[in-house]
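Undergrad: Pasting a structure here, questions to come.
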Amino acid sequence: MSFSSLGLHNKLLAVLDSLGYAAPTPIQLAAIPPVLAGHDVMAGAQTGTGKTAAFALPLIQRHLERENANSAIRVLVLTPTRELARQVHQSFVKYSEGLGMRSVVAYGGASINPQIDALHDGCDVLVATPGRLLELVIKAMIDVTSIETLVLDEADRMLDMGFITDIRRILKRLPETRQTLFFSATFNDDVFALSKTILQQPKLIEVAERNSAATKIEQQFFEVDKSRKAALVAYLIGAKNWQQVLIFTRTKQAVDVLAKELEKDGISTAAVHGDKSQGARDRGLEAFKAGRVRVLVATDVAARGLDITQLQYVINFELPYNAEDYIHRIGRTGRAGQAGLAVSLVSRKEKYLLDDIEKLIGGTVSLQWMQGFEPGLHEQDEVTSSKRKPSKKALRAKALGNGSKNKPSAGRARRR
Ligand code: AMP
16 MSFSSLGLHN KLLAVLDSLG YAAPTPIQLA AIPPVLAGHD VMAGAQTGTG
66 KTAAFALPLI QRHLERENAN SAIRVLVLTP TRELARQVHQ SFVKYSEGLG
116 MRSVVAYGGA SINPQIDALH DGCDVLVATP GRLLELVIKA MIDVTSIETL
166 VLDEADRMLD MGFITDIRRI LKRLPETRQT LFFSATFNDD VFALSKTILQ
216 QPKLIEVAER NSAATKIEQQ FFEVDKSRKA ALVAYLIGAK NWQQVLIFTR
266 TKQAVDVLAK ELEKDGISTA AVHGDKSQGA RDRGLEAFKA GRVRVLVATD
316 VAARGLDITQ LQYVINFELP YNAEDYIHRI GRTGRAGQAG LAVSLVSRKE
366 KYLLDDIEKL IGGTVSLQWM QGFEPGLHEQ DEVTSSKRKP SKKALRAKAL
416 GNGSKNKPSA GRARRR
């Protein structure tokens, strides 16, 4: 199936040709016709599947077909994070190059005035995070009455991040007659509840099994002591000569600590998290994208929307508390059909988090030990500062010198 068979405008076909997009991805095949026809759409699509073009292309086509092309905000795209907002905006710019469509991006944590100036220069598509959009509406800086299409991108993440109140306040101000496109990587009761209240007779589209990881991503899980994780990361990257590795930690503090340790090991590393200024975050992401640093350590939110087609390696330094974050994290690799490897480091205390991940990916996870990094008999850091005494059994085993007697051999796959 080709893009031209989807009825796309010749000018759009020329842009796609110049980008080297030979054929539509499954989500594009499924979503472009109903979006073009003006239907509401509810799509289960993961990041990396080409979902941005799935909604951007038909919306640009509508712009091209509009005869009276006075500038007004006709498309509003809401995204959970500023990084994703910028990425979606850049996609609109890329796909509509030379087609006279103006996209503006607005997000919090950055000065509002340049964003207002850009809006006043003319805006057909506004890509925004919910908080900043609301601010613009409340301050009467934008007119949202001309909006014809609302896109909720990564709706699941918006709910996770507590944007439901903002979204409801925004919805009250939008025209009731509109097209609504709802994209979510994962679905749960909250996501369904929101979709029911805002979609009208939507076309349901699902291109990959719901809540599943993109199929080309190989997933490995290593059980390792918490105190040995940084060394294992440095080993994996160094010994295997991995370039461009994205590492997730749960907290901002852990980002900084790990980034410092990797730098000490001679691995060039950038760190991004919510406590860094927007400028510092942008510089870190850019350096990583451009290959000037080998590793990017990030929290979940900071890495949201990061799109590097060639990214091959993702490491979960710590498992996320929310299993759906696992899907989002590993979805940073394996993009646009490329192969990817996602390695998760699991300490003893994190093992319970694997149950939810298994449920979500619909399979069992095989925990392995990496030679030289096998979990120790006494995990001092995990036993915590209580200075709990080793058990008699452990002491006896140590005294007999057979502490590792019952361990599986290094590197061997092992069920928990
Ligand atoms: P997305 O899921 O929208 O974040 O897109 C993931 C990546 O796939 C981006 O780098 C896009 O530029 C790329 N992409 C989207 N559609 C196509 C296509 N039809 N052919 C090749 N690459 C694509």
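In this note's numbering, the protein residues as written are 16 to 431. Note that CB positions come from ideal geometry on N, CA and C, so glycine has one too. No experiment lies behind these values; they were computed from the predicted model shown.
1. For Y328 and I342, what's the separation of their Cα atoms in angstroms?
2. With a CB to CB cut of under 7 Å and the five nearest residues on each side skipped, what residues in its chain are close to L410?
3. With DSSP as the reference, label E365 as helix, strand or coil.
4. Let me make sure I understand the geometry here. Which of P217, D139, G123 has the alpha-carbon closest to that of S292?
5. Out of curiosity, what's the CA-to-CA distance linking N256 and F18?
6. Within 8 Å, do at least three Cβ pairs link the region 100–116 to the region 69–89?
7. Could you spell out where the alpha helix (DSSP H) holding G59 opens and where it closes?
8. For N331, report the span of its beta strand (DSSP E) as first-last.
9. Pick out the complete alpha helix (DSSP H) segments inside the region 283–318, 4 residues or longer, and give them in chain order.
10. For E169, does the count of other Cβ atoms within 10 angstroms reach 16, so buried, or fall short, so exposed?
11. Based on the DSSP secondary-structure assignment, which residues constitute the bridge partners of L167?
12. Identify which residue in M156, M16, I232 has its Cα closest to the Cα of G63.
13. For G65, is the beta carbon positioned less than 6 Å from some heavy atom of the ligand AMP?
14. Which of the three DSSP states, helix, strand or coil, is assigned to K231?
15. Along the alpha helix (DSSP H) that carries E339, what are the first and last residues, could you check?
16. CA-CA distance, L91 and A60?
17. Tell me whether Y36, by its Cβ, gets closer than 6 Å to a heavy atom of the ligand AMP.
18. When DSSP labels each residue in this structure, what does V239 get in the three-state scheme?
19. Assuming P145 and D181 are in contact, meaning their beta carbons sit under 8 Å apart, how far apart are those beta carbons, in whole angstroms?
20. Excluding the 5 residues preceding and the 5 following C138 in the sequence, name in chain order all residues of the same chain whose CB lies nearer than 6 Å to its CB.
21. Secondary structure at A269, three-state DSSP: helix, strand or coil?
TA: If we stick to the structure as given:
1. 14 Å
2. No answer about L410 holds up, because its pLDDT of 44 lies below 50 and its placement is not dependable.
3. helix
4. G123
5. 38 Å
6. yes
7. It is not in any alpha helix (DSSP H) - G59 instead sits in the beta strand (DSSP E) that spans 56–59.
8. 328–331
9. You should have 293–304, 315–318.
10. buried
11. L93, F197
12. When only C-alpha atoms are compared, the closest one is I232.
13. yes
14. Coil, per DSSP.
15. 338–345
16. The straight-line gap from Cα to Cα measures roughly 19 Å.
17. yes
18. coil
19. With a Cβ gap of about 4 Å, P145 and D181 count as contacting.
20. I88, R117, V119
21. helix
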